[in-house]
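For reference, the structure discussed in these notes is given below.
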Amino acid sequence: MSNTGTERVKRGMAEMQKGGVIMDVVNAEQAKIAEAAGAVAVMALERVPSDIRAAGGVARMADPTITEEVLNAVSIPVMAKARIGHIVEARVLEAMGVDYIDESEVLTPADDIYHLNKSDYTVPFVCGCRNLGEATRRIGEGASMLRTKGEPGTGNIVEAVRHMREVQSEIRKLSAMSKDEVMTFAKVIGAPFELLLQIREEGRLPVVNFAAGGIATPSDAALMMELGADGVFVGSGIFKSDNPEKFAKAIVEATTHYQDYALISELSKGLGTAMKGLEMSTIAAHDRMQDRSE
Amino acid sequence: MITIGVLALQGAVREHIRSIEACGAKAVEVKRVEQLDEIDGIILPGGESTTMRRLIDSYGFFTAIQEFGRQGKPVFGTCAGLILMASEIDGQENAHLGLMNMKVARNAFGRQVASFEAEIDVKYIGEAFNTVFIRAPYVLEAGPEVEVLATYQDRIVAAKQGPYLCTAFHPELTDDNRVIAHFVTMVEASIKATA
């Protein structure tokens, strides 16, 4: 007898992705380039975040034709995004057999109060977080993997750095707390108490935490690994660069060997122009994707 | 004390390190070829086999790991590691390291929604293992020198050939360290044999 969709199987899938790069792709051709470059998974999308940002309007789950095309093109895992709180988009992606669903603030939220109860699904979920409160609320809802939100589609690493540092620093603070301080900390950050006790005991999150939202160069990827990320998502960074194939390979190698600086300097040579990027202060409050959920 | 390396190019490295240490051996993350000289056995962890293969090639691990095995030093592959060790991969023109004479199928139990936990027995190692299969492969055909250690629904999910051990499941994801402990005894035996 066997069990599918268990917590161990869902979290374990993310464990297998560690030290790897997950790349956004919009068609089979890009998916194949990503796979050949050594991506551990691809995220099938209709548009990469920078194009979603440029297009404006409501961003939804991708046309299933695109997702299906990507599913058939590669042998590595395929992830896809559903709108926050959109039960049906998530069920549709699960029915299509995608390997991981990103309940993502990159898309326009379908529910501005509640996230999905992700424990209900056989397919595992990844969610974004900016701090330990968001991280533990998502785990409490059943997320099997986390990522920093960063600020998607900007090619600016500053927000991903802020979010990774915030989560790590709160975990360190929690680890140093006496047990009688934990309940009040749970109240202040809005975190499930039992989960905080577990994190305090183990000194780390019970699920994998990747970096996402603004990674544009091999050095950016290595920086996030240095700061404690388990791996990286690269969205617009690869296929918005001059030479996606070379860029993808360089990011993969920089992620594995993130402390080999001589190597990273070699990898970074002659890559052509990275995506242009956006300065945070030029983004209007209503265009900040990271503020769409908490 | 014996030292066991975990190929740390990508994948579930931390879990294997923990299991090795729980079995009383020294564990090291192997990122550079020179480190193979410092270890007595190596584990090829779970992860993405295509990613690992690309990095194996980039950093000169390909012939180095084959040579490591030829010296009789034990190699243990889990999931993606099993795929790397096979001599033939169903539907693919080229295999990877080709350490074991067997044909394997990738993602053979299906996509992630079909990933599962099941209880199985493993010959020589023990009974009633709670095993975790994640987008797991299995062995389609095993050569005469390959000994089958476990099957699930009549499919081969653990096997051994000389100094080589492989499982389609992930013993490192549970607290049951019996499979890793068995690998540690294989490494100890190989040291005695060459001493």
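The listed protein sequences correspond, in order, to chains B and C. In terms of the numbering used here, the first sequence opens at residue 30 and continues consecutively. In terms of the numbering used here, the second sequence opens at residue 198 and continues consecutively. Note that CB positions come from ideal geometry on N, CA and C, so glycine has one too. For clarity, every value in this text was computed on a predicted model and none was experimentally measured.
- Interface flag for M206(B) against chain C is unset, since no Cβ pair is found closer than 8 Å.
- In the displayed model, N146(B) falls within coil according to three-state DSSP, outside both helix and strand.
- Q46(B) is positioned such that its CB atom lies no closer than 8 Å to that of R159(B).
- Sorting V345(C), I236(C) and F330(C) by C-alpha distance to the C-alpha of I201(C) places I236(C) at the top.
- Annotated as proximal: A283(C) and M299(C), with beta-carbon spacing under 8 Å.
- Neighbours of I95(B) across chain C, judged by C-beta separation under 8 Å, do not exist; the nearest C-beta is about 17 Å away.
- Taking A250(B) as the centre and dropping the five residues before and after it, the same chain places the C-beta of I244, V261, I280, A283 and T284 closer than 6 Å to its C-beta, in chain order.
- For R332(C), the nearest beta carbon of chain B is closer than 8 Å to its own beta carbon.
- Unbroken beta strand (DSSP E) stretches of 3 residues or longer found wholly inside the stretch 46-116 of chain B: 50-54, 70-73 and 107-112, given in chain order.
- Segment contact: the stretch 211-221 of chain C against the stretch 263-271 of chain C, fewer than three CB-CB distances shorter than 8 Å; contact not assigned.
- For the set E314(C), L206(C) and T247(C), the Cα lying nearest the Cα of Q289(C) is the one of T247(C).
- In the DSSP annotation of this structure, the continuous segment of the beta strand (DSSP E) that includes R352(C) starts and ends at R352 to Q358.
- If you look at S265(B), you'll find it in the alpha helix (DSSP H) that goes S265 to F268.
- By the Cβ test, the stretch 306-325 of chain C is in contact with the stretch 360-379 of chain C, since at least three Cβ pairs between them sit closer than 8 Å.
- Using beta-carbon distances, M318(B) does not count as an interface residue toward chain C, since no partner is under 8 Å.
- Collapsing the DSSP output to three states places R176(B) in a strand.
- When E97(B), E163(B), V107(B) and V38(B) are compared, the shortest CA-CA separation from A333(C) is found for V38(B).
- In the DSSP assignment, A219(C) falls within the alpha helix (DSSP H) that extends over V210 to A219.
- Within the stretch 140-156 of chain B, the residues whose Cβ lies closer than 8 Å to any Cβ of chain C are, in chain order, T151, V152 and P153.
- For E118(B), same chain residues with a beta-carbon under 8 Å away, outside a window of 5 residues either side, are R89, M90, A111, R112 and A139 in chain order.
- For the pair A356(C) and A339(C), the CB atoms are nearer than the 8 Å cut-off.
- Taking the CA atoms as reference points, R194(B) sits about 43 Å from E385(C).
- The alpha carbon of P93(B) has as its nearest neighbour, out of M125(B), G85(B) and T151(B), the alpha carbon of M125(B).
- Cβ proximity to chain C below 8 Å picks out nothing from the stretch 259-277 of chain B.
- If you draw a straight line from the Cα of K320(C) to the Cα of A347(C), it is about 6 Å long.
- Inter-segment contact for the stretch 163-178 of chain B and the stretch 215-235 of chain B is present: three or more beta-carbon pairs are separated by less than 8 Å.
- Here T275(C) is bridged, per DSSP, to T364(C).
- Using a Cβ-Cβ cut-off of 7 Å, N32(B) is close to F313 and E314 of chain C, given in chain order.
- Linking G48(B) to Q207(C) through their CA atoms gives a straight-line distance of about 5 Å.
- In the DSSP assignment, I130(B) forms a beta bridge with A109(B) and F154(B).
- Take M206(B), set aside five residues on each side of it, and the residues of its chain with a beta-carbon closer than 7 Å to its own are F214 and R229, in chain order.
- Distance from the Cα of V107(B) is smallest, within the candidate group V87(B), S79(B), D80(B) and K61(B), for K61(B).
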